[in-house]
Amino acid sequence: MVSAPLLRLEGVARHVTLPDGGDLQILRSVDLTVEEGDHVGIVGRSGTGKSTLLNILGLLDRPTAGTVELDGVSAATLSARRAAQVRGRQIGFVFQQFNLLPGRTALENVAHPLLYGTAAEVRTRKRRALEVLERLGLAHRAAQLPGRLSGGEQQRVAIARALVRRPRLLLADEPTGALDVETGAVVMDLLAETAAESSAALITITHDAAIASRANRRFTLEGGELR
Amino acid sequence: MTGALLGSLIEAWQELRIHKLRVLLSLVGVAVAVASLTMVVAMSTLVQDNFRVNYEQMGGRDATLQLQPTGGDLGTDPRKLREAADPVLEEFGIGHSSVRGILDATMESETGRQYVSGSLVERDWQTIHSVGLVAGRWFSPGEEQNLAPSAVVNENVLEWAGRTRADLPFSLSLSPDGGDDPVTVTVVGVTPGNDYDSGEAYMLAGSPSLLQLSDPGLGLVMEAWVPSEISEELSTQLGSRLSTATGESWDVWRVDMFQEGGDPLVTLRLALLGIAGLILFLGVLGLVNIALVTVQQRVREIGIRRSFGATGARVFFSVLMESVVATSIAGVVGIAVSVLALRSPQVLSFVSEGMNVTPSFPVSAALVGFLVAVLSGALAGFVPALIATRARIVDAIRT
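Just so you know, the protein sequences line up as chains A and B, in that order. For the first sequence, position 23 matches number 23 in the working numbering, and the numbering has no gaps at all. For the second sequence, position 143 matches number 1143 in the working numbering, and the numbering has no gaps at all.
Here it is in structure tokens:
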């Protein structure tokens, strides 16, 4: 028996109704299959629907047409609560603006997703967060607040936070967008390396073709479709 | 479930820690209100307890009946009175009763002759009238057989006798009114003094040397502690039964001060509760206001949390818990302030006037204060929590 792919998109479309009553088609028909351990790069210019696609991939948004399946289970059948639980357990996000929680140390930021886990995860959250920070070479900065960290360090903390619940799918939205070229390259290496270590699939969405080219499979988002 | 609760509490605590100043300022009103409310509840409880003790000491417990023979010689001999009443009291299952007579006397002190209001009682008098002792002991069984009658006096008599509590037991000479020879009693216990410089002494009614006094008019009556709810019915039945059993006429009526019912402090308490309620309302309003502004500023942060897997219910609970944890802390502070205030000598002397022991802070008041604090938090956190759950994740992250 052939097992279902980790993620499968078929004919995914997304449109929004504009204030004047018009219809804006963001995604027309997106087909994509992602297996465990895959590294997928999606490149697209601004306004092509990259973030919309990422939101749909991460169960943050629902398509207006088409199918999204995670482990063979249609996302449309998941309640909002179940979708949140699946998101928490199976999907890790890395954002362009890092999105670290203000006022919390690097360790607390990394440990935060574990607060939505089981009682055991809540209890062991600090130890597990420190382990991930160690893997990313940031253990010595664990007690620092985000404002005291450099951009590269902040993104590494964000990566640690995305990895702490050992997700099967990592979604990176312009992960190097706020970093200089050199730091961006280091962060991308780290992201690919840590994803590979944990056998997680990594989908990087970027406008930078050089970043996308680091992936094993590359796509361009254009006209609401992946090419 | 345990993980969710634990996680929510940790999240709420982190949020409060990060926004210390905001939390502190918004909670001042709540802490003041809880302190006022707890103070009002505690003070009224203490004053009510004080009233109750005073009432019990003066007229007996709820309900105390007085049984008085109106003819014959039963009212002049405590032993005869006891023998006559006992079978009937036993028949009605009344467990606590005491003979009571008046034996006023004088005593010599350094400052001259002092008047002592004497009462002839039995052991159960202490239970019926909640007599508290500051030193020594109450009467023991069989003590009425002692040659020198035992006595329990108040602190005023102790002072007039030039004695201290450490001198117990000691002999004291009392001169009964009516010209009898002085009686020497053995003082075994001391009750609290009073502000009216009035000397009081309790003596065992059955003591032989007291029975030999020439004045037969001791005005002996019997007091019985009975269940309040049937006291009226018992009064009638006891009177009738005692008359039949002894062949003499008896008057039975209720003498305790609880029969009036009602709460003498109700107006004061309602006024104070009203003021505390108003302060609480303003405090909660301030809290809601700040929480609403804050939650609008935190939409992005809430969106990020949702991307980690926080469900809508979890976000609602977390924001609600922030408010509840904060007001709970304010509540504890408010309760602590009210405890300290109630321990101040001025307040303490007001609420404990006439009481035998220093009253302790009523736990019920602390519980009411804490409950109000928690409910205020839940109330103040509800609307912001609702707004937090309605934020669209995608928009929130983009903000």
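The C-beta atom is built at its ideal place from N, Cα and C for all residues, glycine as well.
- Judged by DSSP secondary structure, B/Ser1175 falls within the beta strand (DSSP E) whose first and last residues are 1170-1176.
- A/Asn99 has a beta carbon lying within less than 8 Å of a beta carbon in chain B.
- Interface annotation for the region 1286-1301 of chain B against chain A: Glu1301, criterion Cβ-Cβ distance under 7 Å.
- Ranked by Cα distance from A/Gln154, the first of A/Arg165, A/Thr183, A/Arg227 is A/Thr183.
- Per the coordinates, the alpha-carbon of A/Glu174 lies some 14 Å from the alpha-carbon of B/Ile1397.
- Membership of A/Thr176 in any alpha helix (DSSP H) is not indicated, and neither H nor E is assigned to it by DSSP.
- Sorting B/His1019, B/Arg1061, B/Gly1309 by C-alpha distance to the C-alpha of A/Gln90 places B/Gly1309 at the top.
- Within the region 111-128 of chain A, His112, Pro113, Leu114, Leu115, Tyr116, Gly117, Thr118, Ala119, Ala120, Glu121, Val122, Arg123, Arg125 place their CB atoms closer than 9 Å to a CB of chain B, listed in sequence order.
- Between B/Val1252 and B/Val1324, the gap from beta carbon to beta carbon reaches 8 Å or more.
- The Cβ atoms of B/Leu1081 and B/Val1099 sit closer than 8 Å to each other.
- Contact with chain B is absent for A/Glu131, since none of that chain's Cβ atoms lies less than 8 Å from the residue's Cβ.
- Interface flag for A/Ala212 against chain B is unset, since no Cβ pair is found closer than 8 Å.
- With its beta carbon less than 8 Å from one in chain A, B/Thr1311 belongs to the interface.
- Closer than 7 Å at the C-beta level to chain A, one finds no residue of the region 1019-1033 of chain B.
- Assignment of B/Val1252 by DSSP, reduced to helix, strand and coil, places it in the strand class.
- With fewer than 16 other Cβ atoms from the protein chains shown falling within 10 Å of its own Cβ, B/Lys1020 counts as exposed.
- Counting along the chain, A/Arg127 sits inside the alpha helix (DSSP H) bounded by residues 125-135.
- Taking C-beta atoms as the reference points, A/Val94 and A/Ile159 count as a pair closer than 8 Å.
- Bounds of any beta strand (DSSP E) do not take in B/Ile1302; it lies within the alpha helix (DSSP H) bounded by 1299-1307.
- The region 1037-1054 of chain B makes no contact with the region 1282-1289 of chain B, as fewer than three CB pairs between them are under 8 Å.
- Counting C-beta pairs closer than 8 Å gives fewer than three between the region 219-226 of chain A and the region 109-121 of chain A, which falls short of the contact rule.
- Note on B/Ile1302: 16 or more other CB atoms within 10 angstroms of its CB, so buried under the neighbour-count rule.
- For the region 41-68 of chain A, the residues whose beta carbon sits under 9 Å from a beta carbon of chain B are, in order, Ser51, Thr52, Asn55, Gly58, Leu60, Asp61.
- The continuous beta strand (DSSP E) containing B/Ser1117 extends over residues 1112-1121.
- Leaving aside the five residues that flank A/Glu69 on each side, the residues in its chain whose CB is nearer than 6 Å to its CB run, in chain order, Arg8.
- Counting along the chain, B/Asp1086 sits inside the alpha helix (DSSP H) bounded by residues 1078-1091.
- For the C-beta of A/Arg89, the chain B residues within less than 9 Å are, from N- to C-terminus, Gly1309.
- A/Phe219 carries a strand assignment under DSSP once its states are collapsed to helix, strand and coil.
- Neighbours of B/Val1325 across chain A, judged by C-beta separation under 9 Å, do not exist; the nearest C-beta is about 15 Å away.
- Under the DSSP definition of a beta bridge, A/Val164 lacks any partner.
- The criterion of a C-beta distance shorter than 8 Å is not satisfied by B/Ser1097 and B/Asp1062.
- C-alpha of B/Leu1371 to C-alpha of B/Val1347: approximately 24 Å in a straight line.
- Pairing B/Gln1066 with B/Val1255 gives a Cβ-Cβ distance under 8 Å.
- According to DSSP, A/Thr17 shares a beta bridge with A/Asp23.
- Contacts between B/Gln1057 and chain A, judged by CB atoms closer than 8 Å, are missing: the closest CB pair is about 56 Å apart.
- Counting only Cβ-Cβ distances below 7 Å, B/Leu1006 has contacts in chain A at Ala119, Val122, in chain order.
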